[in-house]
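According to my numbering, the sequence shown holds residues 2 to 173 in order. The C-beta atom is built at its ideal place from N, Cα and C for all residues, glycine as well.
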Amino acid sequence: TIFTFAWLGGIFLKLSGKTKKILLVGGIVLGTFFSVTLFLTQIDFLGGLVLSELNSAVQEKLNVELRTSPLSGNPLVGFKGHSLTLARSGDTLLSVDEVGIKLSYISLLKNSPRVSVLSVSGLKSDYASLKDLIPKSKATSNGPMDIPIDKVKIDSCDIGTPLGELTMAASS
Numbered sequence: 002t003i004f005t006f007a008w009l010g011g012i013f014l015k016l017s018g019k020t021k022k023i024l025l026v027g028g029i030v031l032g033t034f035f036s037v038t039l040f041l042t043q044i045d046f047l048g049g050l051v052l053s054e055l056n057s058a059v060q061e062k063l064n065v066e067l068r069t070s071p072l073s074g075n076p077l078v079g080f081k082g083h084s085l086t087l088a089r090s091g092d093t094l095l096s097v098d099e100v101g102i103k104l105s106y107i108s109l110l111k112n113s114p115r116v117s118v119l120s121v122s123g124l125k126s127d128y129a130s131l132k133d134l135i136p137k138s139k140a141t142s143n144g145p146m147d148i149p150i151d152k153v154k155i156d157s158c159d160i161g162t163p164l165g166e167l168t169m170a171a172s173s
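Here it is in structure tokens:
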């Protein structure tokens with residue numbers, strides 16, 4: 002490996018002054034870009050904004066209260082939350098142990114964010130509560146409603162029904 006660096010160094014020395022400057026500036030720009038990207042993947046930001054947008058959407062569309070711990074993460078690596086519940090009039094309709102949200106990079110660039118993957122682990126509910134969560138159809142709607150989620154992944158769930166308990170360990 003040291004011979005490879007020596008060989009590349011020899012090639013670099015044989016280049017013209019203008020080419021050396023271009024390669025040096027390009028290397029500095031790339032190094033700075035990768036360093037900033039690495040730094041940004043390690044810090045939490047915009048979790049509060051995502052949570053407030055999610056809360057307002059859930060309140061508007063489902064008429065339920067969203068209770069959860071603050072989201073950790075960022076748009077580059079995704080967001081994670083724990084102990085999420087949906088409640089109406091004080092009654093818990095659905096609870097989730099852990100939720101993960103990954104945003105679509107392309108949709109962020111287009112300024113119309115979409116969730117590429119919504120991961121749910123430890124979902125607990127019952128049939129009647131799930132039925133209550135389904136929004137009633139409105140006559141003013143002319144077409145299908147676009148839900149900005151591309152894929153939902155459910156790792157485990159327990160749903161009570163009048164006929165028994167539905168338990169699922171993993172999904173694909």
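Asked	Found
In angstroms with no decimal places, state the Cα-to-Cα distance between GLY48 and LEU77.	12 Å
With which residues is LEU124 paired in a DSSP beta bridge?	VAL97, CYS158
Distance check for PHE46 and ILE29, CA to CA, integer angstroms please.	26 Å
Tell me which same chain residues have a C-beta within less than 6 Å of the C-beta of GLU66, skipping the five on either side of it?	ALA88
With 16 other CB atoms within 10 Å as the buried threshold, where does SER130 fall?	buried
Less than 8 Å between the CB atoms is what I'm expecting for SER126 and GLY101, so what's the real figure, rounded?	19 Å between Cβ atoms; not a contact.
In or out: LYS103 buried (at least 16 other Cβ within 10 Å) or exposed?	buried
Quick one: what's ASP92 bridged to in DSSP?	ARG89
Please classify GLY27: is it buried, with 16 or more other beta-carbons within 10 angstroms of its beta-carbon, or exposed?	exposed
Give the single residue among LEU110, THR33, THR42, PRO114 whose Cα lies nearest to the Cα of ILE150.	PRO114
Would you mind working out which of PRO163, GLN43, ASN56, ASP133 sits nearest THR93, comparing C-alpha positions?	ASP133
Could you round the C-beta distance between SER73 and GLY123 to whole angstroms and report it? I think they count as a contact, below 8 Å.	The pair is not a contact, with the Cβ atoms about 17 Å apart (cut-off 8 Å).
Would ASP52 and PRO71 qualify as a contact pair, given that the criterion is a beta-carbon distance under 8 Å?	Rather than Asp, the amino acid found at residue 52 in this sequence is Leu. In contact: LEU52 and PRO71 (Cβ atoms closer than 8 Å).
Can you tell me which residues form a DSSP beta bridge with LYS103?	VAL118
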